[in-house]
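Participant: My questions all concern the structure below.
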Amino acid sequence: MLQMHYFILINLSCLIFGHVNTLSWYEQVHGHNISHERPDHTHCECGKKNIFLSSRIIGGREVFENEFPWMAGIISVNRSRIICGASIINDRYVITAAHCTVYGFSMNDMKVSVGVHNSCKWDARNIIFSVEDTFPHPNYNRETHFADIMLVKLVMSITFNKFVRPICLPKFGFDAVVRYGGQSVSALGWGFSENHFLFNKECGLRIVDLTLFKRSECPTDVSTLLCEACAQIHRLHLQVNPDCECGESGGISNRIVGGKITIPHIFPWVVAIFYKNKLHCGGTLINNQYVLTAGHCIRWVDYADLSVGLGMHDIKNPNEGYIAEIDEIILHEDFESDELHDVNDIALIRLQHPVEIDENVKPACLPHKDSDYTGKYVKVTGWGRVHIRGEPSQFLRQATLKVMSFEVCKNTSFGEHLTESMMCAYNDNTDACQGDSGGPLLNQRADGKYEIIGIVSWGVGCADPGIPGVYVKNTDYLNWIKYHSRDGIYCVDR
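Just so you know, the sequence shown maps onto residues -22 to -1, 1 to 472 in mature numbering (1 follows the signal peptide of the UniProt record, and there is no 0).
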């Protein structure tokens, strides 16, 4: 009978194993040459998947339990969940993507799970190992994803058995694109389902069949990346609660109130961020544990002095809403700031405990990636100053603005400071002001739901004639937002 043996062509960021001297780098890290001979252990034949009664081809569906016994999960202890996939390559090492530690979490927060199938629960086959060290490739570039590969050394050796065994490594100099270009390959992971969301019952390891593009077919000159595989593997899974829907307004009316006090709780996703019990910034609840805000709101303060007010309309009413403590601050890694403007001005706040979704506290929807809002009338909300020299508003206020084209905004007095990840909105005598920073710029879709398309970022003055406000363009940061908030549970966006 013909036996199929699998070997690893790419890691989780689509790097072809065998380019950028990955095998020689592995030998340097591991301390000896790689042997491709069959090990003398009963359960140590690499790359041999477990055979089940059914031989059906599974595309984008859950695999049989422990069918691919080399699959491992990188666990964040603080978040109590798998946040990256990995492959067992011998009894002390797994291989994964370098960005898993650079963007996600530190080595001290890392564990490795082997024998795992369901990412939402653990069973007796699942063994968790502590990490002794990590070895990202020395040529790793987080901007281009070049050499996005990393070895993780475990504190103890893995005992191989029927459910846990290593994947084979290709021979040195092997070129996967030349050998398999145009052919079908398989990718494994706990990623998105078809609708890009993952319900709790769908937490099993999944497989998807992909076509390995020839190098000449790739849209960019990235000889170490696999085009089609990258488009699929980089998808994340988001847990979804089917019993709630995002972006549904509260209150008793949807009337537009330009620059005036809103109806209480009509925007139940808007939160107040307090610094030492005083209004500091606004933010937006996007799932049951994460608030989206501006990077400059949290960059220069001790987050131990910050708290988040949810379900509030009157911020001076102690009986309204409640205060949530903060577990973690995630600032965009490329955030920059000067006296006039902020670049990559985006951050996430992870709350200590998941919030209960109700009429007064519910998340806004995220926008769709390719949406263009130029010319649309949108809303900005917050408790900021009503006048540039005034005090913060006691009550949540809203204003209606019009989104300007990027080209028109570039022609303003500060246009040279704009980047394409920013957007402008303007209306006569109406604007966001100090205290509104970090709050949402909202678009009401045809179905009546609200999506957060921007974050109040920077500007010159407040409602100065001819001067628009500048907002973070959220469609450019969707992957970043979803990646860093993926352990929260989203409401359905139907």
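A virtual CB, placed ideally from N, CA and C, is assigned to each residue, including glycine.
Would you tell me roughly how many angstroms separate the C-alpha atoms of Gly273 and Ile324, rounded to the nearest one?
Facilitator: Here residue 273 corresponds to residue number 295 of the sequence shown, with the count starting at 1. Here residue 324 corresponds to residue number 346 of the sequence shown, with the count starting at 1. Whole-angstrom Cα-Cα distance: 4 Å.
Participant: Please name the residue in Gly287, Arg472, Phe313 and Pro370 whose C-alpha comes closest to that of Gly426.
Facilitator: In the sequence shown, residue 426 corresponds to position 448, counting from 1. Closest option to Gly426, Cα to Cα, is Arg472.
Participant: Within the chosen definition, does the segment 331 to 339 reach the segment 239 to 247 through at least 3 CB pairs nearer than 8 Å?
Facilitator: Verdict: yes, contact present.
Participant: Quick one: using the 10 Å Cβ neighbour count with 16 as the cut-off for buried, is Ala403 buried or exposed?
Facilitator: In the sequence shown, counting from the first residue as 1, residue 403 sits at position 425. Classification of Ala403: buried, given that the 10 Å Cβ count is 16 or more.
Participant: At the level of alpha carbons, what is the spacing between Gly362 and Gln376?
Facilitator: Indexing the sequence shown from 1 puts residue 362 at position 384. Indexing the sequence shown from 1 puts residue 376 at position 398. Straight-line Cα distance between these residues: approximately 10 Å.
Participant: Are Tyr468 and Cys224 close, meaning C-beta to C-beta below 8 Å?
Facilitator: Reading the sequence shown from its first residue, position 490 is the one you call residue 468. Reading the sequence shown from its first residue, position 246 is the one you call residue 224. Contact flag set, yes.
Participant: Between Ile431 and Asn421, is the Cβ-Cβ spacing less than 8 Å?
Facilitator: Walking along the sequence shown from the start, residue 431 turns up at place 453. Walking along the sequence shown from the start, residue 421 turns up at place 443. For Ile431 and Asn421, yes; Cβs fall inside 8 Å.
Participant: Can you tell me whether DSSP reads Arg184 as helix, strand or coil?
Facilitator: Your numbering for residue 184 matches position 206 in the sequence shown. In this structure, Arg184 counts as strand in the three-state DSSP scheme.
Participant: Ile66 and Val92: beta carbons closer than 8 Å?
Facilitator: Indexing the sequence shown from 1 puts residue 66 at position 88. Indexing the sequence shown from 1 puts residue 92 at position 114. Contact: yes.
Participant: Leaving aside the five residues before and after Pro349 along the sequence, list all residues of the same chain whose C-beta is less than 7 Å from its C-beta, in chain order.
Facilitator: As a working mapping, residue 349 is identified with position 371 in the sequence shown. Residue identity check: residue 349 is Ser in the sequence provided, not Pro. Within the same chain, Ser349 has close Cβ partners Thr453.
Participant: Just how far apart, CA to CA, sit His331 and Cys62?
Facilitator: Counted from its first residue, the sequence shown places residue 331 at position 353. Counted from its first residue, the sequence shown places residue 62 at position 84. Distance between the alpha carbons of His331 and Cys62: 23 Å.
Participant: Have a look at the DSSP bridge pairing and note the partners of Ser164.
Facilitator: Mapped onto the sequence shown, residue 164 falls at position 186. For Ser164, which the question treats as bridged, DSSP gives the partners Asp187.
Participant: Could you check if Gly167 is buried or exposed, using at least 16 other CB atoms within 10 Å of its CB as the buried criterion?
Facilitator: Position 189 of the sequence shown holds residue 167. With 16 or more other Cβ atoms within 10 Å, it is buried.
Participant: Provide the residue(s) that pair with Phe124 in DSSP beta bridges, ordered along the chain.
Facilitator: Looking up residue 124 in the sequence shown gives position 146. The partner list for Phe124 (beta bridge, DSSP) reads Asn119.
Participant: Distance, Cα to Cα, Gly417 vs Leu270?
Facilitator: Indexing the sequence shown from 1 puts residue 417 at position 439. Indexing the sequence shown from 1 puts residue 270 at position 292. Looking at the two C-alpha atoms, the distance is approximately 8 Å.
Participant: Any idea if Glu429 is buried or exposed, counting beta-carbon neighbours within 10 angstroms, 16 or more meaning buried?
Facilitator: As a working mapping, residue 429 is identified with position 451 in the sequence shown. That one is buried.
Participant: Considering only the beta carbon of each residue, do Arg277 and Ile308 sit closer than 8 Å?
Facilitator: Here the question's residue 277 lines up with position 299 in the sequence shown. Here the question's residue 308 lines up with position 330 in the sequence shown. The answer is no: Cβ separation not under 8 Å.
Participant: Since I believe Asp111 is in contact with Lys89 (beta carbons under 8 Å), could you give me their beta-carbon distance rounded to a whole number of angstroms?
Facilitator: On the sequence shown, residue 89 is found 111 positions in, with the first residue counted as 1. On the sequence shown, residue 111 is found 133 positions in, with the first residue counted as 1. With a Cβ gap of about 14 Å, Lys89 and Asp111 do not count as contacting.
Participant: Taking DSSP's pairing of strands, which residues face Arg328 in a bridge?
Facilitator: Looking up residue 328 in the sequence shown gives position 350. Paired residues: Tyr268 and Glu306.
Participant: To the nearest angstrom, report how far apart Phe42 and Pro370 are at their CA atoms.
Facilitator: Within the sequence shown, the letter at position 64 stands for residue 42. Within the sequence shown, the letter at position 392 stands for residue 370. Near 57 Å, if we compare the C-alpha coordinates of Pro370 and Phe42.
Participant: Which value, in whole angstroms, describes the spacing of the CA atoms of Phe384 and Lys354?
Facilitator: In the sequence shown, counting from the first residue as 1, residue 384 sits at position 406. In the sequence shown, counting from the first residue as 1, residue 354 sits at position 376. If I take the Cα positions, the gap works out to 13 Å.
Participant: For Met290, collect the residues of the same chain with a Cβ closer than 7 Å to its Cβ; drop the 5 residues on either side in sequence, then sort them by chain order.
Facilitator: Residue mapping note: residue 290 aligns to position 312 of the sequence shown, counting from 1. Excluding positions up to five away in sequence, the list reads Ala250, Glu298 and Gly299.
Participant: I'd like to know whether the C-beta atoms of Phe150 and Leu129 end up nearer to each other than 8 Å.
Facilitator: For the purposes of this step, residue 150 is taken as the residue at position 172 of the sequence shown. For the purposes of this step, residue 129 is taken as the residue at position 151 of the sequence shown. No; because the gap between Cβ atoms is not below 8 Å, this pair is not in contact.
Participant: Per DSSP, which residues does Asn219 bridge with? Please list them.
Facilitator: Here residue 219 refers to the residue found at position 241 of the sequence shown. Paired residue(s): Cys469.
Participant: From Ile185 to Met49, what does the alpha carbon distance come to, in whole angstroms?
Facilitator: The residue labelled residue 185 in the question sits at position 207 within the sequence shown. The residue labelled residue 49 in the question sits at position 71 within the sequence shown. Roughly 11 Å separates the two Cα atoms.
Participant: Buried or exposed for Arg464, please, with buried defined as at least 16 other CB atoms from any protein chain shown within 10 angstroms of its CB.
Facilitator: As a working mapping, residue 464 is identified with position 486 in the sequence shown. Flag for Arg464 reads buried.
Participant: Using the beta-carbon count (16 or more within 10 Å), is Ile145 buried or exposed?
Facilitator: Residue 145 sits at position 167 when you count from the first residue of the sequence shown. By the neighbour-count rule (16 or more Cβ atoms within 10 Å), Ile145 is buried.
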